[in-house]
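Asks: Numbering (the working numbering), first residue to last: 27 to 169. One structure coming up, written as structure tokens, with questions to follow.
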């Protein structure tokens, strides 16, 4: 059975716990075994954690969960540019990553996105869907 690692940043602990719980509801209903790694830092560190696990305890796929506030535009741009660059490099290295990182202008907007039924806002359903597709594609191409 394929195994995924859920990498969850807990910089905003209460909201991060809700985001992780919502994600776990759908992951548990999937066909995947999973493990959780809680990042005791911010979203910026998620790519490092994925890379470290991939080198030492490779998983079939990874789901990144994080929350980024848009309060400080320079900081926001820096964090999101880093994430985009790292996730692109992962894709080019055949590492399946689903992006469940969400953004908001304030904590209330983050909370609204976490609970949204729109997968483009809540992100974790899209992240699982992406990882599921990429794992199946890799397996099919290896046959």
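Built from N, CA and C at the ideal position, the CB exists for glycine as well.
Within the 8 Å Cβ cut-off, does residue 113 reach chain B?
Replies: Absent from the structure is chain B; it holds one protein chain and no more.
Asks: Using the DSSP secondary-structure output, state which residues sit across from residue 34 in a beta bridge.
Replies: Against the chain shown, residue 34 aligns to sequence position 8. Its beta-bridge partners are 64 and 91.
Asks: Ignoring anything shorter than 4 residues or poking outside the stretch 86-151, list the alpha helix (DSSP H) runs there in chain order.
Replies: With a minimum length of 4 residues, the continuous alpha helix (DSSP H) runs that stay inside the stretch 86-151 are 99-118, 133-140 and 145-148.
Asks: In angstroms with no decimal places, state the Cα-to-Cα distance between residue 56 and residue 151.
Replies: Here residue 56 refers to the residue found at position 30 when the chain shown is read from its first residue. Here residue 151 refers to the residue found at position 125 when the chain shown is read from its first residue. The straight-line gap from Cα to Cα measures roughly 11 Å.
Asks: Opposite residue 59 in the DSSP bridges: which residues?
Replies: Here residue 59 corresponds to residue number 33 of the chain shown, with the count starting at 1. According to DSSP, which records beta bridges pairwise, residue 59 is partnered with 29.
Asks: Apart from the five residues just before and just after residue 130, which ones in its own chain have a Cβ nearer than 7 Å to its Cβ?
Replies: Reading the chain shown from its first residue, position 104 is the one you call residue 130. Same-chain partners within the cutoff: 95, 96, 136 and 139.
Asks: Compare the beta carbon distance of residue 71 and residue 107 with 8 Å and say whether it is the shorter of the two.
Replies: Here residue 71 is taken as the residue at index 45 of the chain shown, counted from 1. Here residue 107 is taken as the residue at index 81 of the chain shown, counted from 1. The answer is no: Cβ separation not under 8 Å.
Asks: Identify the continuous alpha helix (DSSP H) that holds residue 79 and give its terminal residues.
Replies: Position 53 of the chain shown holds residue 79. Unbroken alpha helix (DSSP H) run through residue 79: 72-82.
Asks: Are the stretch 59-69 and the stretch 142-162 touching, with three or more C-beta to C-beta distances below 8 Å?
Replies: As far as the Cβ criterion goes, the stretch 59-69 does not touch the stretch 142-162, which means the pair count is below three.
Asks: Once DSSP output is grouped into helix, strand and coil, what is the label at residue 40?
Replies: The residue given as residue 40 occupies position 14 in the chain shown. DSSP places residue 40 in helix when its eight states are reduced to three.
Asks: Let me confirm a value: residue 144 is counted as buried when at least 16 other C-beta atoms fall within 10 Å, else exposed. Which label applies?
Replies: The count along the chain shown starts at 1 and reaches residue 144 at position 118. Answer is exposed; the Cβ neighbour count stays below 16.
Asks: When the Cα of residue 46 is compared with those of 147, 160 and 126, which residue comes out closest?
Replies: As a first step, residue 46 is located in the chain shown; it is residue number 20 there, counting from the start. Nearest of 147, 160 and 126 to residue 46, Cα basis: 126.
Asks: Excluding sequence positions up to five away, which residues of its chain have a Cβ less than 7 Å from the Cβ of residue 118?
Replies: As a position in the chain shown, residue 118 is number 92, starting the count at 1. Hits under 7 Å: none found.
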